[in-house]
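Participant:
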Amino acid sequence: MSIHEKLASLRIELPAATRPAAAFAPFVRSGDLVFLSGHIARRDGGVPWVGQLGADLSTAEGAAAARAVAVDLLGTLAAAAGDLDRVLRIVKLLVLVNSTPSFTEQHLVANGASELLIELFGEPHARSAFGAAQIPLGSCVEIELIAQLRA
Amino acid sequence: MSIHEKLASLRIELPAATRPAAAFAPFVRSGDLVFLSGHIARRDGGVPWVGQLGADLSTAEGAAAARAVAVDLLGTLAAAAGDLDRVLRIVKLLVLVNSTPSFTEQHLVANGASELLIELFGEPHARSAFGAAQIPLGSCVEIELIAQLRA
Amino acid sequence: MSIHEKLASLRIELPAATRPAAAFAPFVRSGDLVFLSGHIARRDGGVPWVGQLGADLSTAEGAAAARAVAVDLLGTLAAAAGDLDRVLRIVKLLVLVNSTPSFTEQHLVANGASELLIELFGEPHARSAFGAAQIPLGSCVEIELIAQLRA
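Protein chains in written order, with our numbering: chain A, 8 to 158; chain B, 8 to 158; chain C, 8 to 158.
#1: Evaluate L43 (chain B) with the Cβ neighbour count: other Cβ atoms within 10 Å of its Cβ, from every protein chain shown; 16 or more gives buried, anything less gives exposed.
#2: Tell me the rounded alpha-carbon separation between R26 (chain A) and I10 (chain B).
#3: Need the endpoints of the beta strand (DSSP E) that L156 (chain A) sits in, please.
#4: Tell me whether I59 (chain A) sits in a helix, a strand or coil according to DSSP, three-state version.
#5: Could you work out which residues of chain A lie near L17 (chain B), taking near to mean beta carbons separated by less than 8 angstroms?
#6: Within the same chain, show all residues whose beta-carbon is closer than 8 angstroms to that of M8 (chain B), passing over the 5 residues directly before and after it, in chain order.
#7: My assumption, with CB atoms under 8 angstroms, is that Q155 (chain C) sits in contact with N105 (chain C). Please give the rounded CB distance.
#8: Using the rule of at least 16 other Cβ atoms within 10 Å of the residue's Cβ for burial, across every protein chain shown, is D39 (chain C) buried or exposed?
#9: Give the straight-line distance between the Cα atoms of A133 (chain A) and V41 (chain C), rounded to the nearest whole angstrom.
#10: For the beta strand (DSSP E) that contains R74 (chain A), what are its first and last residues?
#11: Could you work out which residues of chain B lie near F34 (chain A), taking near to mean beta carbons separated by less than 9 angstroms?
#12: Where do the ends of the alpha helix (DSSP H) carrying L91 (chain B) lie?
#13: Does the beta carbon of R96 (chain B) come closer than 8 angstroms to any beta carbon on chain A?
#14: Should A136 (chain A) and A140 (chain C) be called a contact, given that it needs their Cβ atoms to be closer than 8 angstroms?
#15: S44 (chain A) versus chain B: which residues are under 8 angstroms apart at the beta carbon?
#16: If I follow the unbroken alpha helix (DSSP H) through A120 (chain A), where does it start and stop?
#17: Strictly below 7 angstroms CB to CB, what residues from chain C border I125 (chain A)?
#18: Compare the C-beta of H114 (chain B) against all C-beta atoms of chain A and say whether one is closer than 8 angstroms.
#19: Taking the straight line between their C-alpha atoms, what separation do you get for S109 (chain B) and A48 (chain B)?
#20: Give the interface partners of T111 (chain A) over in chain C, defined as CB-CB distance under 7 angstroms, in chain order.
#21: Hey, out of A:A62, A:T66, A:V57 and A:G89, whose CA is closest to A23 (chain A)'s CA?
#22: Less than 8 angstroms between CB atoms is the rule here; does L103 (chain B) satisfy it with respect to chain C?
#23: Just checking my contact of I150 (chain B) with L101 (chain B) at CB under 8 angstroms: how many whole Å lie between their CB atoms?
#24: Please determine, among A:T83, A:V94, A:A117 and A:D79, the residue with the shortest C-alpha to C-alpha distance to V54 (chain A).
#25: Go ahead and pull the three-state DSSP assignment for S16 (chain C).
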């Protein structure tokens, strides 16, 4: 199955590249690497998906938000690469989880993004996940991504 | 205008490369990428610019601190590249904002750095900004930077 | 002295590559760069080394935990490179220190990892260190690493 067929089978429609909230670009390409800016979780790509893990949201809700961020990242990645078929691999995710000092399941939240990307690209990526004290606009999850494009 | 003319028009004097506070290098070059260590905000390049956003400092003060970090990063980048003219582009910033759990304007703080770099280099960079629970020496902002040098 | 002789003189036995706690890979190689996932501190490579700096652990204990993470990273790096002799340099560390809002010695904690890596590789790396609100499984330190392999 091509990545487009996989997206269709998951009923995922690629959004347009995310517009940055401030003075920066959604992505920058350097050689065969493309660096995607941190994308914050938004409800259906719209208003920020706010809340803190450990206070306002369950781990499962956080994982759903992380999956939504991954979908938005895919939209930006498609714009960066021209087509998702031209992505060789996802190199690394940096997953920031808006956390109270007592919440310790950032890795399970991050899995919401990782599992979708593994299903689509067929191999795992490197990753770091940790608790941020806050995230712009109060969003519950923010993810930054590095991908490698085909030569 | 060259970048040197732009710096002069902004009355920005490049500082020397920042000396690390501990056991690491201010930058490492790998191929045409240069990775700059996290630089903490300092008042006029000197003592740490301390405080937490959401408690001790306003968003505007945080943005001024972020701009000061960008100036220090430029000093290190000039040392890394030999001359700022040899910088092809700013690839990505990682902007850590020392934040209380209720402060959600990390993106506006980060703009203090981004707007200066865009003015100097003429194009936007990728970026992630989020709230850190603390920053070394109590500094209010820390920024890490990746740049691409001309071949 | 080769890096293997240095490890032996320090009585450090390389662990196996760290197994990820969730849906991601311990490392991904892209060109001559290898990106290692965030490794959390574990006691003797086993159970998470839990606690927060500023509450449960001293700076010296945090530095010991950071050194333990560096040893685990070396195990993963050896697996990524085939042999540590094939590592050209450590490019950058991202050091997350599980911190209360009042702890400001993240750089001293990070030195526990940096000093070991400098001793082994003979030159310093770029680095960012800051306080995270929490870390997966409650671990006290998490470190992500980028290295460059020999061509």
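Built from N, CA and C at the ideal position, the CB exists for glycine as well.
Facilitator: Put simply:
#1: buried
#2: 27 angstroms
#3: V148 to L156
#4: Just to set this straight, residue 59 (chain A) is Gln in the shown sequence, not Ile. Three-state result, Q59 (chain A): coil.
#5: Under the 8 angstroms cutoff, chain A gives no residues; its nearest Cβ is about 16 angstroms from L17 (chain B).
#6: S16
#7: With 8 angstroms as the limit, Q155 (chain C) and N105 (chain C) do not qualify as a contact, their Cβ atoms being about 29 angstroms apart.
#8: exposed
#9: 10 angstroms
#10: First-last for R74 (chain A): T66 to A88, but that is the alpha helix (DSSP H), not the beta strand (DSSP E).
#11: A133
#12: Taken as a continuous stretch (DSSP letters only), L91 (chain B) belongs to no alpha helix (DSSP H), as it is neither H nor E.
#13: yes
#14: no
#15: K99, A133, R134 and S135
#16: Q113 to F128
#17: A30
#18: yes
#19: 21 angstroms
#20: Q141, P143, L144 and G145
#21: A:G89
#22: yes
#23: 7 angstroms
#24: A:D79
#25: helix
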